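First residue of the sequence shown? That's 9 in the numbering used here, and the numbers climb one at a time after it.
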Amino acid sequence: AEPGNEAARRELERVRGKLAGGGEEVAAAEASKAEGLRFFEEGRPFDAYVAWKRGVDALDELGPPELLAGRARRLMVALCCNASQALLGCADVE
Numbered sequence: 009a010e011p012g013n014e015a016a017r018r019e020l021e022r023v024r025g026k027l028a029g030g031g032e033e034v035a036a037a038e039a040s041k042a043e044g045l046r047f048f049e050e051g052r053p054f055d056a057y058v059a060w061k062r063g064v065d066a067l068d069e070l071g072p073p074e075l076l077a078g079r080a081r082r083l084m085v086a087l088c089c090n091a092s093q094a095l096l097g098c099a100d101v102e
């Protein structure tokens, strides 16, 4: 096997793992999801939106959303849904 092929295979596996839910971006997004839930339960929908949006932004660092897989993809969907629901509860946001 060519040495370059093995290096390319390892890099591909590393990227796939990251897109599937590994890495600090996913950990940051999960923390933001928990923070947003706390704010939402406290009746602070805009603060919840901001926290959930921060989680979306963290996952955006991994690349286009359509490339996310596994845990990262499920987390992105939950954060987007939660953020939109929170905005519906903000009377002063148009």
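Ideal Cβ positions, reconstructed from N, Cα and C, are used throughout, including at glycine. Every value quoted in this text rests on a predicted model; they were computed, and no experiment measured them.
Which residues in the same chain as Trp60 place their Cβ atom closer than 7 Å to its Cβ, once the five residues preceding and following it in sequence are excluded?
For the purposes of this step, residue 60 is taken as residue 52 along the sequence shown, with counting starting at 1. Closer than 7 Å at Cβ, skipping near neighbours: Ser40, Lys41, Gly44, Leu87, Asn90, Ala91 and Ala94.
Drop a sphere of 10 angstroms on the beta-carbon of Val34, count the other beta-carbons inside from all chains shown, and report buried for 16 or more, exposed for fewer.
Looking up residue 34 in the sequence shown gives position 26. Buried.
So Val101 packs on Phe54, CB below 8 Å; how close in whole Å?
Start at 1 with the first residue of the sequence shown, and residue 101 comes out as number 93. Start at 1 with the first residue of the sequence shown, and residue 54 comes out as number 46. The pair is a contact, with the Cβ atoms about 7 Å apart (cut-off 8 Å).
7 Å CB neighbourhood of Gly97 in its chain, flanking five on each side removed
Residue numbering aside, residue 97 sits at position 89 when the sequence shown is read from its first letter. For Gly97, where only same-chain residues beyond five positions count, the Cβ hits under 7 Å are Pro53.
Classify Met84 as helix, strand or coil using the three-state DSSP reduction.
Position 76 of the sequence shown, counting from 1, holds the residue named residue 84. Correct three-state label for Met84: helix.
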